[in-house]
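Asks: Handing you a structure now.
Number of protein chains: 4
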Amino acid sequence: MTRPNYVLRLSCPDRVGVVATVTSHLASRGANILEAHHFLDPVSARSVLRIVFEPDGTTLDETAFGRDFGAAMQPLGIEWTLRDLANRIRVVIAVSKQGHCLMSLLHRWSTGTLPVDIVVVVSNHEDQRRLTEWYGLPFQHLPIGADGKEAQERRLLDVFHAARGELLVLARYMQILTPAACRELEDRAINIHHSFLPGFKGAKPYHQAYQRGVKLIGATAHYVNEDLDEGPIIEQAVERVDHTCTPEQLTTIGNEIESVVLNRAVQWHAESRVFEFGNRTVVLR
Amino acid sequence: MTRPNYVLRLSCPDRVGVVATVTSHLASRGANILEAHHFLDPVSARSVLRIVFEPDGTTLDETAFGRDFGAAMQPLGIEWTLRDLANRIRVVIAVSKQGHCLMSLLHRWSTGTLPVDIVVVVSNHEDQRRLTEWYGLPFQHLPIGADGKEAQERRLLDVFHAARGELLVLARYMQILTPAACRELEDRAINIHHSFLPGFKGAKPYHQAYQRGVKLIGATAHYVNEDLDEGPIIEQAVERVDHTCTPEQLTTIGNEIESVVLNRAVQWHAESRVFEFGNRTVVLR
Amino acid sequence: MTRPNYVLRLSCPDRVGVVATVTSHLASRGANILEAHHFLDPVSARSVLRIVFEPDGTTLDETAFGRDFGAAMQPLGIEWTLRDLANRIRVVIAVSKQGHCLMSLLHRWSTGTLPVDIVVVVSNHEDQRRLTEWYGLPFQHLPIGADGKEAQERRLLDVFHAARGELLVLARYMQILTPAACRELEDRAINIHHSFLPGFKGAKPYHQAYQRGVKLIGATAHYVNEDLDEGPIIEQAVERVDHTCTPEQLTTIGNEIESVVLNRAVQWHAESRVFEFGNRTVVLR
Amino acid sequence: MTRPNYVLRLSCPDRVGVVATVTSHLASRGANILEAHHFLDPVSARSVLRIVFEPDGTTLDETAFGRDFGAAMQPLGIEWTLRDLANRIRVVIAVSKQGHCLMSLLHRWSTGTLPVDIVVVVSNHEDQRRLTEWYGLPFQHLPIGADGKEAQERRLLDVFHAARGELLVLARYMQILTPAACRELEDRAINIHHSFLPGFKGAKPYHQAYQRGVKLIGATAHYVNEDLDEGPIIEQAVERVDHTCTPEQLTTIGNEIESVVLNRAVQWHAESRVFEFGNRTVVLR
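Written out as structure tokens, the structure is:
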């Protein structure tokens, strides 16, 4: 019989004995560490840890474990979360008209290589209903109505909460969230920006890239915050291009990069690998 | 006996028969085309051509060829240059204190893989004299004196012209050229910018990249123009980095990218591959 | 009114005047060259050309053009093909159980960014029927029956010819073609190999890569020939990996690379950019 | 006053409590962990750890620390090494005629960005004496004499030991080490192979790459073992090439990749990041 795998994600101010305290507690409960990664961020003087372990036995009483573990961590000011890796996080995807990122997420999800549960796809347009339903997933059309953008955003957040969403993925969702929504979704919303940040911001970056004659184009996945296109970067990638590429071809190449980058960011988030420090992230891989 | 290889670089407004006129003229002189590349830029509606050929015989009377060729091209408004690839362009390198780009250029030059003649290295500091002279090249120290920056820049331009320089390479030269110098050196000065343009501009981009937690860093080689760090891009490259990289390590990685990118840009310019269209370049490879 | 764009693809032994003869003929018919690329391969001493032009008028009488053009090319031994870029090549895709390459091709095709007509998908398994039909395309199940592999292969070739296929794309089709089929499909069948050739050959390359602890994995698209996994390479790409990647994760990453590489190879073939020289290709981009 | 940074490198069979035992011991001595990385290799069922710490105070009595630490580790079968990061490892570089890798190592060393002490450069040729001595380093010419290759190899090993070398870097040293020498230098010799392993083996890989028309070329740094070009891979990189690249140009591009890859491998080894598992490596970054 295989044992469940748990991931612990910890963060605390730098002090002597953090790793020892955590790992000793685990050892005292017979937990076997499969992977451990500690990093002391020199800028913020905070330590982050990610530990994957299997418990001493085929099940773990999470409540009892959490009570004891929390008591042991409390004196050192350690913030922590525990997750059974078999309990996948619940993801809500928001899209507008374009489907390349959605398709890539759904494909990876359907083949079991994106370790999340996609629970619902929401959109201000109908275009991606057919694709979504083909994968057997519910599609919610949330058009911007006479009551305006903020009311529509409220409906989106209601869907997210009703679905018990843990992560909102903006997979080329072309509406800008209000500051209030950004705060409500803090650390729980990932956007794909179709440019290599910092770089071309705002609309039509591939057309901007074309005008500028760049030799590489890229994409950036980042947490959403109140500064448009400026949230903490989780992942980036680029591809080489040249003068023969039309804006349309740049867009095609860029779409592929976006899909790959967004999948990676969602996966790393789901695996509890991403830590935020102000406007930076640390990804423990 | 081997024949010399000539490169023709042509540019003209789009019209029917340009390629035919050029290649027919060459064929009528018995020239054998080794490589030909034509591109019609849809934005500017200008055609560019790069043709490498060997003449009909072991030598070419360049003056006679030029007179005939020019007469044939004139009705179509074709601008052109001809270069015997064995006559390497004369390059002046400007540096400040850091030597990584200089070292890379000198190494490639000394091994015969950078097809240029480096004629002199100039600097506002003495740091790179020893390296330069080790390669048997003259080093000119041009400090910024009591007469100010513009006077020093004038001395630099005088050295460039006295050396019959055809290309000025700013290999981490930390002085900003005046608009007048930019115009004087138009299309004849290449700078290496230690960032992936557009992106972090100005000073200390690797420190900015660190603060922002980017996952890739890069460098950009571009022609110098009056807009600082905004000239037409010739080449760019990036490398993957992560949170464990200190600003110093980012700088080391970035320095390697800069060297590679600058070498490529200089080589492509020397091989008559780079065409400028406003703020874009077309590199015919 | 826009004019059609034609692509000419030419190949011949090296001799003086090839480019001139071709382009002069085009100019004499009023054709406007949009793009021209000539390369003289030093190993085979053969010239290849790719020319995109628009005719003098809104239509071209292809039969008349071809008769005249052929007569003009014949004395120089020039082999050529002409294609109206709006007449997309007819592609047959063969798959087995895995659908990632198929999905990527269908998605790019459906968004108009892969310039081919996919006419039928064939498979020795039923797994990809649902996906194929969702895109409104016919799916032919060609199981390997009691009459053996060669009979099934014959049925596949019959489907290819009945569909007037111009290119067979082996999008993770796990059957090895017989030498006879390879010859029948010469220059008209592209395979995606899930490794960076030369490298791990044969089955389970990602598992081999894992055992060997490689730091990069890749994929290779190549024309099919009688030497398994050894045909002329059209495109390759790699991605960085590390020790934490399980064979399953390497497979996921590799699948993404395969999809991107196969799409590029099919597109370049469809755009008449790929020339074969024995076991090498020249891709005029 | 800054404290010294120590790096612990540990390896042991998988068992519960390894990380806890190690980190608790460090905590009990007041050591502050700056970085910790644990990986349980699923193939070999061995755990590896790399821990960077600063001691409780401005100095560490290494002998006393080692005695206590060793006693604590012994029951769990943990193999370990301790290094003060300020005590750089002593590196001997072997070259033949080509200097690009040597130059790159010396440049990085001279700028303080390659954390090793280069103590001597040895060669079977005189070509790199001038460069080496320019950097103020001793150069030992060890020609292959009348007494044959093995005697010369013996002299090389004698120089290595006399210099108290800790790592031998074969920076394009074109002699194949005997099996006996490979065993003598086990885990202490790094070679740069001018190909993307597995791939083109043996001599002239860039010419092989040219003949095969590859679209990417690469280089591989690996530990030396008795299987030529088959040792555990430490690092690899590739660069995109095309049909216009002559074998000489491929060589130039390849040389750049080799230099970058070899530098990284030497740095990671020097920072105690590389662990060997049979023919694989784990690089804890």
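Residue numbers (the working numbering), protein chains in the order written: chain S, 7 to 291; chain D, 7 to 291; chain Y, 7 to 291; chain C, 7 to 291.
Glycine included, C-beta positions come from ideal geometry on N, C-alpha and C.
Under a three-way DSSP split, which group does residue 153/C fall into?
Replies: The answer is coil: DSSP assigns residue 153/C none of H, G, I, E or B.
Asks: Interface residues of chain D around residue 249/Y at Cβ under 8 Å?
Replies: Under the 8 Å cutoff, chain D gives no residues; its nearest Cβ is about 15 Å from residue 249/Y.
Asks: Have a look at the DSSP bridge pairing and note the partners of residue 138/Y.
Replies: According to DSSP, which records beta bridges pairwise, residue 138/Y is partnered with nothing at all.
Asks: Which runs of the alpha helix (DSSP H) fall wholly inside the stretch 27-82 of chain S and span at least 4 residues, in chain order?
Replies: With a minimum length of 4 residues, the continuous alpha helix (DSSP H) runs that stay inside the stretch 27-82 of chain S are 68-79.
Asks: Counting pairs of Cβ atoms below 8 Å between the stretch 108-125 of chain Y and the stretch 71-86 of chain Y, do you hit three or more?
Replies: These segments do not touch.
Asks: Cα separation between residue 29/D and residue 44/Y?
Replies: For residue 29/D and residue 44/Y, the distance between alpha carbons rounds to 11 Å.
Asks: Identify whether residue 197/C lies in helix, strand or coil by the three-state DSSP scheme.
Replies: Three-state result, residue 197/C: strand.
Asks: Skipping 5 residues on each side, what residues in its chain have a beta carbon closer than 8 Å to that of residue 62/S?
Replies: Contacts found: 35, 36, 37 and 38.
Asks: CB residue 9/C to CB residue 60/C, shorter than 8 Å?
Replies: Yes.
Asks: What distance in whole Å lies between the Cβ atoms of residue 185/D and residue 232/D, which are believed to be in contact at a cut-off of 8 Å?
Replies: With 8 Å as the limit, residue 232/D and residue 185/D qualify as a contact, their Cβ atoms being about 5 Å apart.
Asks: Just curious, the beta strand (DSSP E) that residue 218/C is in, first and last residue?
Replies: Per DSSP, residue 218/C belongs to no beta strand (DSSP E); it is in the alpha helix (DSSP H), 211-218.
Asks: Hey, how far is the Cα of residue 158/S from the Cα of residue 104/Y?
Replies: Looking at the two C-alpha atoms, the distance is approximately 39 Å.
Asks: At 7 Å on the CB atoms, spell out the chain C contacts of residue 29/S, in chain order.
Replies: What residue 29/S touches in chain C: 25, 26 and 29.
Asks: Looking at chain Y, is there any beta carbon in it that lies within less than 8 Å of the beta carbon of residue 94/S?
Replies: So no, residue 94/S is outside the interface.
Asks: Any idea what DSSP makes of residue 129/D, helix, strand or coil?
Replies: In this structure, residue 129/D counts as strand in the three-state DSSP scheme.
Asks: With which residues is residue 19/D paired in a DSSP beta bridge?
Replies: 52/D, per the DSSP bridge assignment.
Asks: Decide if residue 238/C is buried, meaning its Cβ has at least 16 other Cβ atoms within 10 Å, or exposed.
Replies: By the neighbour-count rule (16 or more Cβ atoms within 10 Å), residue 238/C is buried.
Asks: Could you say if the stretch 217-230 of chain S and the stretch 137-145 of chain S meet the contact criterion of at least three C-beta pairs nearer than 8 Å?
Replies: Short answer: they don't touch.
Asks: Less than 8 Å between CB atoms is the rule here; does residue 259/D satisfy it with respect to chain S?
Replies: So no, residue 259/D is outside the interface.
Asks: Assuming residue 242/S contacts residue 280/S (C-beta within less than 8 Å), just tell me the rounded distance between them.
Replies: No, residue 242/S and residue 280/S are not in contact; Cβ-Cβ is about 14 Å, not under 8 Å.
Asks: Compute the Euclidean distance between the alpha carbons of residue 71/Y and residue 277/Y, then round it to the nearest angstrom.
Replies: Between residue 71/Y and residue 277/Y, the C-alpha separation is close to 20 Å.
Asks: With H, G and I counted as helix, E and B as strand and the rest as coil, what does DSSP make of residue 99/S?
Replies: Residue state, collapsed to three classes: strand.
Asks: Beta-carbon within less than 7 Å of residue 174/C's beta-carbon, same chain only, minus the 5 sequence neighbours each way: which residues are those?
Replies: Cβ neighbours of residue 174/C beyond the five flanking positions: 98, 100, 166, 191, 194 and 195.
Asks: Quick one, which of 138/D, 177/D, 130/D and 180/D has its alpha-carbon nearest residue 162/D's?
Replies: Comparing Cα positions, the closest option is 130/D.
Asks: For residue 81/C, which option in 27/C, 290/C and 197/C has the closest C-alpha, if you only look at C-alpha atoms?
Replies: The option with the nearest alpha carbon to residue 81/C is 27/C.
Asks: Sorted by chain position, which residues of the same chain lie with C-beta nearer than 6 Å to residue 179/C's C-beta, five sequence neighbours on each side aside?
Replies: So the qualifying residues of the chain are 100, 101 and 102.
Asks: Can you find a C-beta in chain S that's less than 8 Å from the C-beta of residue 262/Y?
Replies: Judged by the 8 Å Cβ criterion, residue 262/Y is in contact with chain S.
Asks: Can you pull the chain Y neighbours of residue 39/D, defined as C-beta to C-beta under 9 Å?
Replies: Ordered by position in chain Y, the residues that pass the 9 Å Cβ test against residue 39/D are 22, 23, 24, 25, 26, 44, 46 and 53.
Asks: Could you spell out where the alpha helix (DSSP H) holding residue 267/Y opens and where it closes?
Replies: Start and end: 253-276.
Asks: Using a beta-carbon distance below 8 Å, is residue 119/C in contact with chain D?
Replies: At least one chain D Cβ lies under 8 Å of residue 119/C.
Asks: Report buried or exposed for residue 274/Y, applying the criterion of at least 16 other Cβ atoms within 10 angstroms of its Cβ.
Replies: Per the 10 Å Cβ criterion, buried.
Asks: Which of helix, strand or coil does DSSP assign to residue 323/C?
Replies: Residue 323/C lies beyond the stretch modelled for chain C, which goes from 7 to 291, so this question has no answer here.
Asks: List, in chain order, every chain Y residue whose beta-carbon is nearer than 7 Å to that of residue 275/S.
Replies: None at all; the shortest Cβ gap to chain Y is about 16 Å.
Asks: Going by DSSP, name the residue or residues bridged to residue 243/S.
Replies: Note: residue 243/S sits in a beta bridge opposite 225/S.
Asks: So residue 264/Y and residue 213/Y are in contact, right, with Cβ under 8 Å, and what is the actual spacing, rounded?
Replies: In fact, because the Cβ distance is near 15 Å, the residues do not count as touching under 8 Å.
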